[in-house]
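Novice: In the working numbering, the protein residues as written are 3 to 410.
Encoded structure:
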């Protein structure tokens, strides 16, 4: 069920029952939140925050603002359920010192050197997909391109055999879909089933990798297994759930980055022409896509003590919704924030969060966006989107389920 909000009604905004049109275009609502209600109490007792400065400060303070979602996810998923185990074990929903220990192991496997070694394989994957689309009258830039790239790259990262990668995308969508503010019973059960199936698959893959280890310099799964069980390192559950996290964190958001970028360049032909004239602008262009249409629109924290924001007393234990999509349009930080400018500098967006929880895969995501968008534009500079774009239909994650196109 959705509602309709008229002018001046933004203080009635409810994230669990968003207004008509919000999923298609949330940005007018974000503008109103920033202007009129940057700290907004929600009917369920949570608080919605939209200012860049508030989010930036909260991301950096892991003492007053907790990422641990154990208390919130118990009622949402059921204590001990597959989704509960996954989301309370994975890197993103934990605090130091557990977060620090797991992140150290993850970053040791995702070093800049390791990611740089992935670039030739990424280029090969992208070029193969571009070749496969050549000559077709109509393509879907999500199904045929954007969604395939991160699956192949993360499959390579964990050395998942090519023939076994088929279920990865659906597993990821089901598990991340369970993070939406409101879930149907069908969505909940799909999420539980996806965690069970993915975990069972990984148990088998890990057993095979233990029997025949890969090169830890290039095989992230072998690297993670070797770290497992030593002092302060990964348990079996942590290993399996954080391998699931690697896929989830790198799949939907990267798919959205690529799809959003291609749509924005279609919708802003002056910026497409600018990028075609100066391909070096692809680096700041990716940053502007991340800001202007952030793949991940919301984060969460929980207060560990009573705080006060804009005169509102917020008790300890309050769930805070951090509206990244609004913060990245904050006019106190970004000049002409509703203008898509591929050369924007500075660009202090929060698409990768910040502080100790800054996205562990940001270097890889940027590389995928740069190569995928840049090479498609170079190969098919006249690509054109057709009527029939399909929104992803998510509140937390913003992207497309389908982008029909002709390549020209």
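Positions of the beta carbon are idealized from the N, C-alpha and C atoms, including for glycine.
For residue 361, which three-state DSSP category applies?
Specialist: coil
Novice: In terms of alpha-carbon separation, which member of 330, 327, 303, 329 lies closest to residue 48?
Specialist: 303
Novice: Closer than 6 Å by C-beta to residue 9: which residues in its own chain qualify, once you throw out the five before and the five after it? Chain order, please.
Specialist: With a pLDDT of 43 at residue 9, under the threshold of 50, the modelled position of this residue cannot be trusted, and the question is left open.
Novice: Please identify the residue among 225, 347, 322, 213 whose C-alpha is closest to the C-alpha of residue 244.
Specialist: 225
Novice: I need the straight-line Cα distance from residue 387 to residue 140, nearest angstrom please.
Specialist: 10 Å
Novice: So, helix, strand or coil for residue 381, using DSSP?
Specialist: helix
Novice: Using the DSSP secondary-structure output, state which residues sit across from residue 51 in a beta bridge.
Specialist: 41, 324
Novice: Could you compute how far the alpha carbon of residue 29 sits from the alpha carbon of residue 43?
Specialist: 19 Å
Novice: Apply the 10 Å Cβ neighbour rule to residue 106 and answer buried if 16 or more other Cβ atoms are within range, or exposed otherwise.
Specialist: exposed
Novice: Quick check for students: name the residue ranges of the alpha helix (DSSP H) that lie wholly in the region 96-130, counting only runs of 4 or more.
Specialist: 100-111
Novice: Secondary structure at residue 398, three-state DSSP: helix, strand or coil?
Specialist: coil
Novice: In terms of residue numbering, what span does the alpha helix (DSSP H) encompassing residue 407 cover?
Specialist: Following the DSSP letters along the chain, one finds residue 407 in no alpha helix (DSSP H) but inside the beta strand (DSSP E) bounded by residues 406-408.
Novice: Counting pairs of beta carbons, one from the region 50-62 and one from the region 323-336, are three or more of them closer than 8 Å?
Specialist: yes
Novice: At what residue ranges does the region 263-294 contain a whole run of the alpha helix (DSSP H), taking only runs of 4 or more?
Specialist: 271-279, 284-294
Novice: Just confirm the distance between the C-beta atoms of residue 270 and residue 153, as a whole number of angstroms; I'd bet it's less than 8 Å.
Specialist: Not really, about 28 Å apart at Cβ, beyond 8 Å.
Novice: So, for residue 151: in the same chain, excluding its five sequence neighbours on each side, which residues have a beta-carbon less than 8 Å away from its beta-carbon?
Specialist: 124, 127, 128, 131, 256, 257, 260, 370, 374
Novice: By how many angstroms is the C-alpha of residue 158 removed from the C-alpha of residue 385?
Specialist: 29 Å
Novice: Could you pull the start and end residues of the beta strand (DSSP E) that residue 300 belongs to?
Specialist: 300-305
Novice: Taking all protein chains shown into account, decide if residue 32 is buried (16 or more other Cβ within 10 angstroms of its Cβ) or exposed.
Specialist: Counting Cβ neighbours within 10 Å, residue 32 comes out buried, since at least 16 surround it.
Novice: Please identify the residue among 53, 13, 69 whose C-alpha is closest to the C-alpha of residue 45.
Specialist: Out of 53, 13, 69, 13 has the C-alpha closest to the C-alpha of residue 45.
Novice: By Cβ distance below 7 Å, which residues in the same chain neighbour residue 392 in space, the five residues on each side in sequence not counted?
Specialist: 402, 403, 404
Novice: Do you know offhand how far residue 77's Cα is from residue 400's?
Specialist: 25 Å
Novice: One question on the structure: do residue 101 and residue 68 come within less than 8 Å of each other, judged by their Cβ atoms?
Specialist: Result no, Cβ atoms of residue 101 and residue 68 do not sit closer than 8 Å.
Novice: Could you work out which residue in 39, 25, 97 is closest to residue 305 when comparing CA atoms only?
Specialist: 97
Novice: Skipping 5 residues on each side, what residues in its chain have a beta carbon closer than 7 Å to that of residue 93?
Specialist: 101, 104, 105, 108, 244, 247, 362
Novice: Classify residue 353: buried if its beta carbon has 16 or more other beta carbons within 10 angstroms, exposed otherwise.
Specialist: Within a 10 Å sphere around the beta-carbon of residue 353 sit 16 or more other beta-carbons, which makes this residue buried.
Novice: Kindly indicate which three-state DSSP category residue 15 falls into: helix, strand or coil?
Specialist: Judged by DSSP in its simplified three-state form, residue 15 adopts coil rather than helix or strand.
Novice: Let me know the secondary structure DSSP gives residue 393 once reduced to three states.
Specialist: strand
Novice: Across the region 196-203 and the region 172-179, are there enough close Cβ pairs to call them in contact, namely three or more that are closer than 8 Å?
Specialist: yes
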